[in-house]
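Line by line, the protein sequences are chains F and V. The numbering of the first sequence is numbering that gives the first Met the number 0, which starts it at 0 and goes up by one. The numbering of the second sequence is numbering that gives the first Met the number 0, which starts it at 0 and goes up by one. Every residue, glycine too, gets a C-beta built ideally from N, C-alpha and C. Computed from a prediction, not measured in an experiment: that's the story for all the values here.
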Amino acid sequence: MTTMLNPQLNKHGELQHLLTIEGLPKSIVNHILDTASSFVGISDRDVKKVPLMRGKSVFNLFFENSTRTRTTFEIASKRLSADVINLNIQASSASKGESLLDTIDNLSAMHADMFVVRHAQSGAPYLIAKHLIDTRQAHVHVVNAGDGRHAHPTQGLLDMYTIRHYKKDFTNLTVAIVGDILHSRVARSDIHALTTLGVPEVRAIGPHTLLPGGLEQMGVRTFTNMDEGLKGVDVIIMLRLQNERMSGALLPSAQEYFKSYGLTPERLALAKPDAIVMHPGPMNRGVEIDSAVADGPQAVILPQVTFGIAVRMAVMSILAGTQG
Amino acid sequence: MTLPTNPSQLDAEALYATLLAQVKTGLAGVANVAIVGIHSGGAWLAERLAADLGLLPRLGVIDVSFYRDDYAQKGLHADVKPTQIGFDVTGATILLVDDVLYTGRTTRAAINELFDYGRPARIMLAALVDRGGRQLPVAADFVAASVTLPATQALVLQRAATGQPGQFTLTIE
């Protein structure tokens, strides 16, 4: 039952696939963050590579558009000396009618060692991981690079790395996640990670229509008034309004949204003076965040991108070293 | 060359004094010297050597986890520490320091990693104890003692936890 619920761990409890942060032991989360800190310095060296994944093939399977995530996975793979193959699935077999698992089997026959999967359907990376286990291809690893509204574990982990970098300790923090929680896989992964690492207060701030049910059961305090929600917080994680995932009239307009939930310098002043501002990107300036904040001294949005490479290197090198 | 010593009689403090004297003589007059200790025992030794030789600004620490040849079998170590090389490797004479020299595989990994920081003029190797059993053509330039140990046993350097650097002991596990 455990392996079915948590197919990302092998029978020794080691990380075999990274599908979600939910249910991931704290020790594994910390191991990833600690390992990432050893990878950060590699970017400053003469040779920005380590030989860990030399001779391994990483397939970036992006069934959904992404520039930043795909690029940082590609850089991470290359810094680990892996060979990277980018597949633009929309333009290939899937559009000719090939099923997801047939695509996987074909790529496995090309001796793939790792799949990095981005898919609009929640659960697609699970399906692939389970298929690999069922067909005795457990030596092939799967990294979820974002599936539907479900999870974006490497973004969650790089957010935790960023918070740890600036705040050192999780156990005295108040963290606010602001915006389109309903459509956000980043929010879900962040909430699970923050809870796992012992953050005592996680807040979700947004309009009723964009706050999903069940947040309280996850230990999250919800606020529809942003000014109230931001009071005294240490970390603000802004989310992007996901117009492409919205159906129907959840919001009146972008301008209305900015009035109520845009992060302005005046609103930022309600948080602690040393609060940091994060955003997973891409940012909509003037919709969820004011340029003065995005470019201001409290923003750590670009360091997030840099840390993201080290965190993805850590995840991939831990997975590639785990036996099936 | 030191004669094989009985491992149960190893006095780490005395060995350190021997090693320090060898290194002092060996590096006399050499320019652009830096010291790099291999995590963790080698790093403790390197720290003390650098202090005793007045080379603390030229001290580095290396963790060879990303360069190990057993990664495919054993995976990534649970306790990887960042490598810290704060000096310019290119043109430097680097004294690489490890506590126990055994198969030579760690030395190989450390040399490979150093070359990813630049092209050193020379790398020399210092070890507190050489326990034989080499699997690669690696030899130390400075070694305080040579011993013979069965493969089932490990020789482990320990540092006193009181925060006072310099209290070394060697134990067999």
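Thinking C-alpha only, which one of the options is nearest residue i?
i, options, result
"residue 32 of chain V", "V:58, V:171, V:51, V:135", "V:58"
"residue 30 of chain F", "F:41, F:19, F:13", "F:13"
"residue 101 of chain F", "F:134, F:85, F:75", "F:134"
"residue 209 of chain F", "F:176, F:216, F:104", "F:176"
"residue 198 of chain F", "F:213, F:174, F:181, F:214", "F:174"
"residue 64 of chain V", "V:106, V:88, V:95, V:46", "V:106"
"residue 153 of chain F", "F:225, F:304, F:321", "F:304"
"residue 33 of chain F", "F:7, F:115, F:156, F:178", "F:156"
"residue 54 of chain F", "F:231, F:262, F:83", "F:83"
"residue 85 of chain V", "V:110, V:117, V:73", "V:117"
"residue 253 of chain F", "F:233, F:289, F:97", "F:289"
"residue 136 of chain V", "V:100, V:115, V:166", "V:100"
"residue 167 of chain F", "F:275, F:88, F:9", "F:275"
"residue 273 of chain F", "F:295, F:183, F:279, F:287", "F:295"
"residue 119 of chain V", "V:30, V:47, V:45", "V:30"
"residue 200 of chain F", "F:181, F:221, F:187, F:182", "F:221"
"residue 91 of chain V", "V:34, V:43, V:72, V:61", "V:34"
"residue 301 of chain F", "F:47, F:241, F:281", "F:281"
"residue 312 of chain F", "F:9, F:41, F:11", "F:41"
"residue 93 of chain V", "V:113, V:74, V:104, V:103", "V:113"
"residue 147 of chain V", "V:129, V:157, V:139", "V:129"
"residue 297 of chain F", "F:149, F:233, F:171", "F:233"
"residue 88 of chain F", "F:271, F:70, F:74, F:60", "F:60"
"residue 125 of chain V", "V:12, V:172, V:26", "V:26"
"residue 182 of chain F", "F:240, F:80, F:214", "F:240"
"residue 58 of chain F", "F:109, F:256, F:258, F:259", "F:109"
"residue 44 of chain F", "V:115, V:134, V:144", "V:115"
"residue 172 of chain F", "F:193, F:180, F:257, F:103", "F:193"
"residue 80 of chain F", "F:212, F:137, F:213, F:46", "F:46"
"residue 156 of chain V", "V:7, V:24, V:48, V:171", "V:171"
"residue 60 of chain V", "V:53, V:21, V:70, V:41", "V:41"
Quick one: grab the DSSP three-state call for residue i.
i, result
"residue 308 of chain F", "helix"
"residue 318 of chain F", "helix"
"residue 23 of chain F", "coil"
"residue 97 of chain V", "strand"
"residue 129 of chain V", "strand"
"residue 183 of chain F", "coil"
"residue 238 of chain F", "coil"
"residue 59 of chain F", "strand"
"residue 68 of chain F", "helix"
"residue 232 of chain F", "coil"
"residue 53 of chain F", "coil"
"residue 137 of chain F", "coil"
"residue 19 of chain V", "helix"
"residue 39 of chain F", "helix"
"residue 80 of chain F", "coil"
"residue 28 of chain F", "helix"
"residue 106 of chain V", "helix"
"residue 175 of chain F", "strand"
"residue 147 of chain V", "coil"
"residue 36 of chain V", "strand"
"residue 15 of chain F", "coil"
"residue 359 of chain F", "The first residue shown for chain F is 0 and the last is 323, placing residue 359 of chain F beyond what the model contains."
"residue 131 of chain F", "helix"
"residue 8 of chain V", "helix"
"residue 26 of chain V", "helix"
"residue 47 of chain V", "helix"
"residue 135 of chain V", "coil"
Please work out which residues of its chain come closer than 8 Å, Cβ to Cβ, to residue i, disregarding the five sequence neighbours upstream and downstream, and give them in chain order.
i, result
"residue 318 of chain F", "14, 15, 16, 17, 113, 140, 142"
"residue 161 of chain F", "275, 277, 299, 302, 303, 306"
Excluding the 5 residues flanking residue i on each side, which residues of the same chain have their C-beta closer than 7 Å to its C-beta?
i, result
"residue 226 of chain F", "266, 269"
"residue 110 of chain V", "122"
"residue 76 of chain V", "64"
"residue 321 of chain F", "9, 13, 14, 15"
"residue 3 of chain F", "Confidence at residue 3 of chain F is low in this model, with a pLDDT of 45, below 50, so its placement is unreliable and no value can be given for it."
"residue 68 of chain F", "117, 144, 145"
"residue 166 of chain V", "158, 159"
"residue 133 of chain V", "102, 103"
Please return the same chain residues whose Cβ sits closer than 6 Å to the Cβ of residue i, not counting the five positions on each side in sequence.
i, result
"residue 124 of chain F", "18, 116, 141, 143, 146"
"residue 25 of chain F", "195"
"residue 129 of chain F", "6"
"residue 28 of chain F", "195"
"residue 204 of chain F", "175, 177, 222, 225, 228"
Which runs of the alpha helix (DSSP H) at least 4 residues long sit entirely within the region 49 to 94 of chain V? Give them in chain order. 70 to 73
Residue ranges of each beta strand (DSSP E) run of no fewer than 3 residues wholly in the region 188 to 227 of chain F, ordered along the chain? Qualifying beta strand (DSSP E) stretches, in chain order: 200 to 204, 219 to 222.
Return the chain-ordered ranges of every alpha helix (DSSP H) run that is complete within the region 141 to 173 of chain F and spans a minimum of 4 residues. Listed in chain order, the complete alpha helix (DSSP H) runs (minimum 4 residues) inside the region 141 to 173 of chain F are 152 to 166.
Quick check: the region 36 to 53 of chain F against the region 73 to 81 of chain V, are there 3 or more CB pairs under 8 Å? yes
Entirely within the region 249 to 314 of chain F and at least 3 residues each: give me those beta strand (DSSP E) ranges in chain order. 275 to 277
Taking the runs of the alpha helix (DSSP H) that are 4 residues or longer, which of them lie wholly in the region 85 to 126 of chain F? DSSP runs (the alpha helix (DSSP H)) wholly in the region 85 to 126 of chain F: 99 to 108.
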